[in-house]
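Asks: Numbering (UniProt numbering), first residue to last: 1 to 310.
Here it is: the structure, laid out below.
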Amino acid sequence: MTDYDGKDRPEHYELPDGDERTELRNDIVRALYALPMHFTSPINVEGIEVNDLFSINTLLGGTIEAQTVMLLNSLRSIWDPQGKWADKEFRRYPESFPDVRLVGSNKDDSPLIGIELKGWYLLSKESEPSLRYKASADAVTEWDLICCVPWGLSNVLSGKPVVYEPYVEQAKFASDMRTYYWNHRRGDNSKRDCGIHHPETTPYPKPGTQYVDVPNQDGGGNFGRIARVDGLMANWVDESMDTLMAGIEAKYWVSFFKLFSEGRPKEEIEAELSNIARKVRQAGRPDHKASMLEEQLLAHLSAIVDLSLK
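The structure is reproduced here in structure tokens:
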């Protein structure tokens, strides 16, 4: 059972300088942050309807994650510059935890490093990753990571997948932070049971064994939503929603697409579009060319709304 009791705010686990996994882990982090510069995909999406846009992660999410693992192996010069781990490669195990592991050809050897890798379609309706990270801190080592890779389409509604700056964190620390957040969420409800059952488990648990923490009470099914945890992922989510896509922040694209998916009346759609346009203009662009592009895009969006409401 994990030593962390969930009472005091957790701290990152120290990595021993003398362990060869420490340098390897740090180089892998560098490779993960390099993903946006090197990611390419043979997939090209055309003809998708606005109402289907929010479900695109269901269709492409797993493929994006698989291609990310392939890219990690191609970035070996970053995470293994001396060729020390030439007999190791990253492999994806969708039914295991963590689902990406740096392993060799001998199946009996333990992974060197594990990464719980998740994709996040940046224009999802929730405006945050929907992942539930429930793993016990005992299910990972201090060197293991959790990584969330945001992605979108090159032309917003069409084009090839592109990825943006990922979220990378020590997996064991993330488990503790989630536990801390959950144990301190009672608020004004004194009857709320914020306890958590921690299973007996070990790093890289075998498929079918119990490795997730289980809350005593979770009527809303929100346990593990680390995107909402302050001090862990929440700030990164906010920054990611400011990512420019075709010159406009992702958060405004989500607001625009929601107009059509929620079946609002014409008057509400027109009023909300005006509100979105006002926010975009208030954000401002120091570059005149970028500002002109914004105005053109807003004009096109307005025209789309007019056509759809006729």
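The beta carbon of each residue, even a glycine, is placed where N, CA and C say it ideally should be.
Ignore the nearest five residues each way along the sequence and tell me which others in I146's own chain have a CB closer than 6 Å to its CB.
Replies: Only E116, E169, A171 and A174 meet the Cβ criterion.
Asks: Mind pulling the beta strand (DSSP E) runs of 3 or more residues that sit fully within the segment 57 to 138?
Replies: Listed in chain order, the complete beta strand (DSSP E) runs (minimum 3 residues) inside the segment 57 to 138 are 89 to 92, 100 to 103 and 113 to 121.
Asks: Return the bridge partner residues of H184 from the DSSP annotation.
Replies: Answer by DSSP bridge pairing: none, since H184 is not bridged.
Asks: Can you tell me where the alpha helix (DSSP H) holding W236 begins and where it ends?
Replies: A234 to S240 is the extent of the alpha helix (DSSP H) around W236.
Asks: Once the 5 residues before and after N275 are set aside, which same chain residues still bring their CB inside 7 Å of it?
Replies: No residues qualify anywhere along the chain.
Asks: Excluding the 5 residues preceding and the 5 following A139 in the sequence, name in chain order all residues of the same chain whose CB lies nearer than 7 Å to its CB.
Replies: Taken in chain order, the residues that qualify are F97, T201, P203, P205 and Y211.
Asks: Among P166, D193, L123 and N26, whose alpha-carbon lies nearest the alpha-carbon of S255?
Replies: For S255, the nearest C-alpha among the options comes from L123.
Asks: Is it buried or exposed for G195, if we count other Cβ within 10 angstroms and need 16 for buried?
Replies: Label assigned to G195: exposed.
Asks: Between which two residues does the alpha helix (DSSP H) harbouring I28 extend?
Replies: Here the alpha helix (DSSP H) through I28 covers E20 to Y33.
Asks: Give a single yes or no on whether W151 has its beta carbon closer than 6 Å to a heavy atom of the ligand SAM.
Replies: The ligand SAM is not part of this structure, which contains no ligands at all.
Asks: Grab the span of the beta strand (DSSP E) containing C194 for me, first residue to last.
Replies: Run containing C194: none; DSSP gives neither H nor E here.
Asks: Which residue comes first and which comes last in the beta strand (DSSP E) that contains E165?
Replies: No beta strand (DSSP E) contains E165, which DSSP labels as neither H nor E.
Asks: So, helix, strand or coil for S308, using DSSP?
Replies: Confidence is the limiting factor: at S308 the pLDDT is only 49, short of 50, which leaves the residue's position unreliable, though a coordinate-based value still follows. Note: S308 maps to helix in three-state DSSP.
Asks: Looking at P166: is its Cβ nearer than 7 Å to the Cβ of W151?
Replies: No, Cβ-Cβ distance for P166 and W151 is not below 7 Å.
Asks: For my contact list, R21 and L112 are in at a C-beta cut-off of 8 Å; report their separation, rounded to the angstrom.
Replies: Going by Cβ atoms, the distance from R21 to L112 rounds to 6 Å, so yes, they are a contact pair.
Asks: Suppose the cutoff is 7 Å on Cβ atoms and the five residues either side in sequence are ignored; what does the same chain contact list for L72 look like?
Replies: So the qualifying residues of the chain are A31 and F90.
Asks: Kindly indicate which three-state DSSP category P36 falls into: helix, strand or coil?
Replies: Three-state result, P36: helix.
Asks: What are the residues that DSSP puts in a beta bridge with E249?
Replies: Beta-bridge pairing links E249 to L244.
Asks: Alpha carbon to alpha carbon, how far is L309 from E270?
Replies: Note on L309: pLDDT 49, under 50, position unreliable in the model; the coordinate value appears next. Looking at the two C-alpha atoms, the distance is approximately 10 Å.
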